[in-house]
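Asks: Chains as they are written, first to last, in the UniProt record's numbering: chain F, 1 to 267; chain U, 1 to 376. Before I ask anything, let me first share the structure, which is written out below as structure tokens.
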Ligand SMILES: Nc1ncnc2c1ncn2[C@@H]1O[C@H](COP(=O)(O)OP(=O)(O)OP(=O)(O)O)[C@@H](O)[C@H]1O
Ligand SMILES: [Mg+2]
């Protein structure tokens, strides 16, 4: 069977490159996780198994505060971004094509293409002006910034789902006496749910993970987990950072797994 | 006899898609009246505008010009969900996140019917389409034929005034299609609902319909009973599209008194005139000698004999090119002097006394009344 079709697996060196890629991707992560359980103070010298650094991390008020702030920002930003993205996706797929539609796609997706550092500097300039005018320097700026860059990530899976969804189903619901609102609630929304969940997850993880924009936008004392870790690395490096990263990783894996199983249950 | 009342009517419908240079006229001044309790079929080749016309009735598409009437009332302004018309879609469009029973109940729920009534109706519908055993299945877990029946039950459940069916059988295999044809006929009979059925399968149209509208290029060419459409096609396209037929070109030689016409054919008669029946209803107002005319003769209305036989009816002759045996009948391919092929179909139950030999000259007889005259 493989002889008649192009099969990348038969190329010379395929196995080697695949293996190398896996190592490059996962070996550092494995090392990081491994040394999180180190009982010593080094992140390169193994001295024995212990959960000591997890305890240190969990008891560290700064870590707790940063983690709480990260999750708060991510939940709000991902929720708002998902709602905006759902509406944007509906408005760009459930309409007859018109001139300017492609331009709208581009505008919605452009943040993916703009280098993050550019957005970060731009936001810094705008927000610092506003901070001066209003005197307010709360979390809202970070939430707004995160919402903005999360929208295209939430938009992509939602739009993909909408496009693969047969619009004939909505027509059929209308034919069977469902008002446009009922059609949306009973047909479009339930069928769109996996896309919306995927969009939310993606937005959530992207927000949780962000360093560059957060670093530029945050006011003093508004560390998120990633910026806190970055700050730690600049000083002394102990396996505490490994422990935080490990918990972070476990949390992400859990989220993705939960999503995978919830989306497998239904179509 | 009282004339049957009209269920739906299309009045001078024109539909133009797009605008400017890219505009496309999908329907061109289409008018048709569909009667109460009728099994009405829209028949025509792909792209002739059948679906577009059906979507106008359902309200998914709005006419550029013209009106759609339901029981005499203009329904142009009504959105689909306010029209007592349901559709069986070509791809069924069943809701994948609902069970069979839920799908069937959907329309009734949207109409706000009481729960007991919904349950009772869903039950009756499941019986009607013989899907009781599958009621709690998800629609992705049933076969194509079963999906088709669920789609039918879902559209029938709210008891619409009119049921629209867009090629509902085209995705089914031959045997299942035959079964469903009979079932559809039975359902229409039992429910008394007006069916508007779209197909491009002429055999399906002939066997199922009370009346057929033959469409081509955004127009309705002829409306009539299957018998009318088959035996008395109004245009060359209709004759050609429905069943197999032979065309004989010629010109009018003499106008005779009454209902006869003398015609000189271009081929097959060596210049002799033949007489055919003349239908003033399907002819131009003035018919002159020398005017071009086409005769169409169905293969089963002609007979083939060895040369030398005579008849009062028209005779043409040619060379017997081919004899094709089909079990129930035999086809004789006769080549006329202009190299066109005239096909004669004879049932094998009629035992022939003579023997026909390939590549010999033969005579073809057909009765004067079976030749239909068509004008350009
Ligand atoms: N939304 C649209 N925009 C532009 N042209 C369209 C549109 N819908 C249909 N048409 C055109 O109108 C013509 C009639 O289409 P329609 O779908 O009614 O054909 P049909 O008779 O149902 O054909 P088929 O048997 O293939 O289903 C086609 O040429 C089609 O390309
Ligand atoms: Mg069609």
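The beta-carbon is built from N, C-alpha and C at its ideal position, and this holds for glycine as well.
(1) Taking CB distances under 8 Å as the criterion, tell me whether residue 78/U reaches chain F.
(2) Could you tell me whether any Cβ in chain F is nearer than 8 Å to the Cβ of residue 197/U?
(3) Quick one: any contact between the stretch 224-232 of chain F and the stretch 200-216 of chain F, if contact means 3 or more CB pairs under 8 Å?
(4) Between residue 190/F and chain U, is the shortest Cβ-Cβ distance under 8 Å, so that the two count as touching?
(5) So does the stretch 134-141 of chain U actually touch the stretch 169-187 of chain U, counting three or more Cβ pairs closer than 8 Å?
(6) Across which residues does DSSP place residue 9/U in a beta bridge pair?
(7) What separation, rounded to the nearest whole angstrom, lies between the Cα atoms of residue 314/U and residue 11/U?
(8) Is residue 11/U a contact residue of ligand 2, with contact defined as CB to any heavy atom under 7 Å?
(9) Spell out a yes or no on whether the stretch 92-111 of chain U and the stretch 145-152 of chain U are touching, meaning 3 or more CB-CB pairs, one atom from each, closer than 8 Å.
(10) Under 8 Å, Cβ to Cβ, is there at least one residue of chain U near residue 230/F?
(11) In whole angstroms, give me the CA-to-CA distance for residue 2/F and residue 8/F.
(12) At 3 residues or longer, what runs of the beta strand (DSSP E) sit wholly inside the stretch 225-251 of chain U?
(13) Of all the CB atoms in chain U, is at least one closer than 8 Å to the CB of residue 253/F?
(14) Of all residues in the structure, which have a C-beta closer than 7 Å to any heavy atom of ligand 2, taken in chain order?
(15) Can you check which of these residues, 311/U, 375/U, 64/U and 164/U, is closest to residue 249/U by C-alpha distance?
(16) Following a CB-centred definition, is residue 18/U positioned closer than 7 Å to any heavy atom of ligand 1?
(17) Got a sec: does ligand 1 put a non-hydrogen atom nearer than 7 Å to the Cβ of residue 200/U?
(18) So is residue 307/U buried or exposed if we call it buried at 16+ other beta carbons inside 10 Å?
(19) Going by beta carbon distance, what residues of the same chain come within less than 6 Å of residue 247/U, once the five residues before and after it are set aside?
(20) Could you tell me if the beta carbon of residue 24/U falls within a distance shorter than 7 Å of some heavy atom in ligand 1?
(21) Quick one: residues in its chain with C-beta nearer than 6 Å to the C-beta of residue 262/F, no 5 flanking neighbours on either side, listed in chain order?
(22) Report yes or no: is there a C-beta of chain U within less than 8 Å of the C-beta of residue 138/F?
(23) Only counting the same chain, and skipping five residues up and downstream in sequence, which positions put a Cβ closer than 8 Å to that of residue 105/F?
(24) Would residue 201/F be called buried (16 or more neighbouring beta carbons within 10 Å of its own) or exposed?
(25) Just to confirm, does residue 48/U get its C-beta within under 7 Å of one of the non-hydrogen atoms of ligand 1?
(26) Quick check: residue 255/U and residue 287/U, are their CB atoms within less than 8 Å of each other?
(27) Do the CB positions of residue 81/F and residue 150/F come within less than 8 Å of each other?
(28) According to DSSP, is residue 15/U part of a helix, a strand, or is it coil?
(29) Could you check where the beta strand (DSSP E) with residue 318/U kicks off and where it finishes?
(30) Can you tell me whether residue 66/U sits near ligand 1, meaning its C-beta is under 7 Å from at least one heavy atom of the ligand?
(31) Pick out whichever of 159/U, 52/U and 234/U has its Cα sitting closest to the Cα of residue 105/U.
(32) Which stretch, first to last residue, makes up the beta strand (DSSP E) that contains residue 297/U?
(33) Just to check my reading of the structure: residue 14/U and residue 66/U have Cβ atoms closer than 8 Å, yes? What is that Cβ distance to the nearest angstrom?
(34) At a cut-off of 7 Å, would you count residue 44/U as near ligand 1, judging by its Cβ distance to the nearest heavy atom?
(35) I'd like to know if residue 56/U contacts chain F, where contact means its C-beta is closer than 8 Å to some C-beta of that chain.
(36) Against chain U, with Cβ distances strictly below 8 Å, would residue 172/F count as a contact?
Replies: Inspection of the coordinates gives the following:
(1) no
(2) no
(3) yes
(4) yes
(5) no
(6) 33/U and 69/U
(7) 43 Å
(8) Because no heavy atom of ligand 2 lies under 7 Å away, the Cβ of residue 11/U does not count as near it: no.
(9) In this structure the stretch 92-111 of chain U lies against the stretch 145-152 of chain U, because at least three pairs of beta carbons, one per stretch, are closer than 8 Å.
(10) no
(11) Model confidence at residue 2/F stands at a pLDDT of 44, short of 50, so the residue's coordinates are unreliable; what they give is reported in the following sentence. So the alpha carbons of these two residues sit roughly 10 Å apart.
(12) none
(13) no
(14) 50/U, 51/U, 90/U, 166/U, 167/U and 198/U
(15) Residue 249/U has its Cα closest to that of 375/U, out of 311/U, 375/U, 64/U and 164/U.
(16) Placement of the Cβ of residue 18/U at a distance of less than 7 Å from at least one heavy atom of ligand 1 is found.
(17) Residue side-chain check: residue 200/U places its Cβ nearer than 7 Å to a non-hydrogen atom of ligand 1.
(18) Of the residues assessed, residue 307/U falls on the exposed side of the cut-off, its CB having fewer than 16 other CB atoms within 10 angstroms.
(19) Excluding residues within five positions, the ones whose Cβ falls inside 6 Å are 294 and 296.
(20) It does: the Cβ of residue 24/U is within 7 Å (strictly closer) of some heavy atom of ligand 1.
(21) none
(22) no
(23) 92
(24) buried
(25) Under cutoff, so the answer is yes.
(26) yes
(27) It is a contact, given that the beta carbons lie within the stated cut-off.
(28) strand
(29) 315-325
(30) no
(31) 159/U
(32) 292-297
(33) 6 Å
(34) yes
(35) no
(36) yes
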